[in-house]
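Reading through the structure tokens given below for one structure.
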């Protein structure tokens, strides 16, 4: 299996740190609003990578964090006049609903930055002791030039870097020993959440969070660190500096990054009015279509979101779903017979589609080619399966289609039919649960309905629903 390593800028054979196991860390969203479709791309891509490793028999420890303390969260909290943790808790819950809609498996661990402060204080103290960090007026900075390999991921030369890089430069410029030093800990400002530390009452810098959470849940060395390409510099570069300076060993063997997502050939931004949340998309399309769309291009290729491409994805996914429905129907109504010689021959031929699927996935997770292999299987099934077929053959074709689409996170198994009265009753129960502040049960009901193809819309007029 080969994957493209951002560090070496080439495809490399995947060799795990520990045989049969994959330790994978994926940077998660900052939770101050509904996630947008730019957030959705790494979620879908690396969930699919995880699924393929599991399909190949690896034991995957998959960690993806929620950044729940950040300037944007604090700003939103101040605007609403509520505590910052209320904002982050709200949007973590909303994010999980969207992830469920996109059929993203929950991570082995979803750590929260605010629950890992002690580990951050320990790592920062260690970096100070080793001479990699220093404190000035309550702020702790990382001495960027003290880490000799700084720039090895982004392939940037420290001397060429100007002192204008976003996130590297923060308040208190004149206090730094070097303009490129970055913040590990900063004192609180009025109205901000804060924690006690040996240097000041304050909060951690953004980069230290992931280094600490990765170390706690995966160990000092991991197999794969992943995220969007916008994180290569400075976030991942700074993570490497902190982690390797503190732990004295290579942080991650492989670095994977997905390319940007544009909207109608323009960069997504609120100022252009083309900012799209996953929740908004879910009001127009089943989120399985969004997933299919995201996987229709190689993860390292820039991807353009448009209504036309979503419609094309809808049609493509329907071809697969219709083939699955047809196989299921034929299998349920077929005679209990063993395969004929011809059917055995045909089933043997399906090995070529599995081979093509696996070859695509093992070549840097080329999901576009993997989907093409699924379409070839669909075409083969449509031409060799009919009402005269044996239950054994039809069932084997169906099981194979389910197995391959499951690796891609596409659900082809029939959703159980649910009556309107049942939906209304569950919605009433959900409303009662929310009133009683039993949010776990409320989310459970939303999940139950989503699994049956029912999308809930919380509107000003109350809860509305539609079939996806």
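Residue numbers (my numbering): 1322 to 1789.
Beta carbons: idealized from backbone N, C-alpha and C, even for Gly.
Just so you know, these numbers come straight off a predicted model, no measurement behind them.
query	result
Proximity to residue 1445 [Cα-Cα], best of 1370, 1691, 1524	1524
Residue 1779 - partner residues in DSSP beta bridges	1784
Distance, residue 1611 Cα to residue 1604 Cα	12 Å
Sequence-distant residues of its chain with Cβ nearer than 7 Å to residue 1732 (five each side left out)	1424, 1609
Which of helix, strand or coil DSSP assigns to residue 1704	helix
Cβ-Cβ distance between residue 1330 and residue 1544 below 7 Å	no
Beta strand (DSSP E) runs wholly inside the segment 1590-1638, at least 3 long, in chain order	1624-1626
Helix, strand or coil at residue 1432 [DSSP, three-state]	coil
DSSP-derived helix/strand/coil call for residue 1524	strand
Same chain, Cβ closer than 6 Å to residue 1691, neighbours up to 5 away in sequence not counted	1678, 1681, 1682
Residues that residue 1573 bridges to, as DSSP identifies them	1543
Beta bridge counterpart(s) of residue 1584 as assigned by DSSP	1587, 1626
Residue(s) in a DSSP beta bridge with residue 1460	1457
Alpha-carbon to alpha-carbon, residue 1663 and residue 1420	43 Å
Beta-ladder partner(s) of residue 1343, from DSSP	1381
Closest by C-alpha distance to residue 1751, when choosing among 1716, 1742, 1764, 1741	1764
Between the CA atoms of residue 1360 and residue 1776 - distance to the nearest angstrom	21 Å
Inter-residue spacing [alpha-carbon to alpha-carbon] between residue 1588 and residue 1653	48 Å
Host beta strand (DSSP E) of residue 1471 (start-end)	It is not in any beta strand (DSSP E) - residue 1471 carries neither H nor E in the DSSP assignment.
Straight-line gap, residue 1412 to residue 1386 (C-alpha atoms, nearest Å)	13 Å
Validate contact between the segment 1567-1587 and the segment 1622-1640 using beta carbons, cut 8 Å, 3 pairs	yes
Pick from 1539, 1697, 1741 that is closest to residue 1339, judged by C-alpha positions	1539
Where residue 1451 falls, given that 16 or more other Cβ within 10 Å makes a residue buried	exposed
Entirely enclosed alpha helix (DSSP H) segments - the segment 1358-1405, minimum 4 residues	1358-1376, 1392-1401
Beta bridge counterpart(s) of residue 1325 as assigned by DSSP	1332
Coil, strand or helix - residue 1756 by DSSP	helix
Segment limits, beta strand (DSSP E) that includes residue 1505	1503-1508
Per-residue burial, residue 1487 [other beta carbons within 10 Å of its own, 16 or more giving buried]	For residue 1487, the pLDDT reaches just 44, beneath the cut-off of 50, and the residue's location in the model is therefore unreliable, leaving the point undetermined.
Coarse secondary structure for residue 1662, derived from DSSP in three states	helix
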